[in-house]
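Numbering (my numbering), first residue to last: -13 to 227. From the three backbone atoms N, C-alpha and C, an ideal C-beta is built for every residue, glycine too. The structure presented is a predicted model; accordingly, all values stated were derived computationally and were not measured. The structure under discussion appears below in the form of structure tokens.
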Amino acid sequence: MIKRLMVLSMILVGTTAVYSQGLGGLLNKAKNVLEGGGLSNDEIGMGLKEALNVGTGEAVDFLSDEDGFYKSVYKITLPSEAQQIVSKVSKLPGFGDFETKLVERMNRAAELAVSKAKPIFVSAIKGLTFKDVTDILMGEKDAATRYLQRTTQEQLYAEFQPIIGSALDEVNARSLWKEAVTAYNQIPLVKKTNPNLDDHVTNKSLDGVFGLIEKKEEGIRTDVDQRSSDLLKKVFSKQDK
């Protein structure tokens, strides 16, 4: 979504050409857009907000669908500190497919939690000021994504973590993990451990959300066919010139 803001910004500013002109050219282009160019301040702001809404909405819809995480590049794997447990426990009776089961359940938990992200993104986008818009337009290539992360990540983490915990319980991931950790800690001479699944799955869920939003934004900025409304086409066409 954020990247969609960037898309708008780059579009309005004249993405590729602007960067080749350096900072001075970027600022001049942005100034021209904000002062006229057939687009009002309201249209520019509305275009950025629509790009963000489209990007975040599509990202959340995709990742919250079944296999959105589990069978995509955003698949969540076990934390590195859990690998020692897996390597030991998988040799014990009844734990042969432990890793496969746990990884699937972790991803199911993420898919359940991500659906709760939409209202948080919508609120952040509504709060976008014209100063935010100009900062994004005249900022770095990833300014839009950085804006969304800066304004939503803390709240998303606070919202996601308890949902992830409940979702892990709902798909029985915690009980499976508890069985494995208990079995591992009973092995003679091993150092007792119990990595936190909730924190790991929450952080990886957020990584997936922002990673996909970034790709969605890039699509709007570079692919005319992904500009799904007249407003997006009008605003982002400035980037193509």
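Spatial neighbours of residue i in its chain, beta-carbon cut-off 7 Å, leaving aside the 5 residues before and after
i, result
"residue 163", "88 and 183"
"residue 139", "192"
"residue 50", "97, 100 and 101"
"residue 93", "55, 56, 61 and 62"
"residue 52", "97"
"residue 86", "none"
"residue 198", "45, 48, 49 and 60"
"residue 119", "30, 31 and 34"
Collapsed DSSP secondary structure at residue i in the structure displayed
i, result
"residue 148", "helix"
"residue 190", "helix"
"residue 162", "helix"
"residue 218", "helix"
"residue 198", "helix"
"residue 185", "helix"
"residue 154", "helix"
"residue 176", "coil"
Whole-angstrom C-beta distance between residue j and residue i, which should lie under 8 Å
i, j, result
"residue 166", "residue 75", "5 Å"
Counted within 10 angstroms of its Cβ, other Cβ atoms place residue i as buried (16 or more) or exposed
i, result
"residue 178", "exposed"
"residue 36", "buried"
Own chain residues within Cβ distance below 6 Å of residue i, not counting five before or after
i, result
"residue 141", "106"
"residue 153", "95, 98 and 99"
Fill in: Within the segment 100 to 135, ranges of the alpha helix (DSSP H) (whole runs, at least 4 residues)
104 to 112 and 116 to 123
Discussion item. Please give me, in chain order, every unbroken run of the alpha helix (DSSP H) with length at least 4 that falls completely inside the segment 34 to 105.
Written reply: Runs of the alpha helix (DSSP H) inside the segment 34 to 105: 69 to 75 and 84 to 100.
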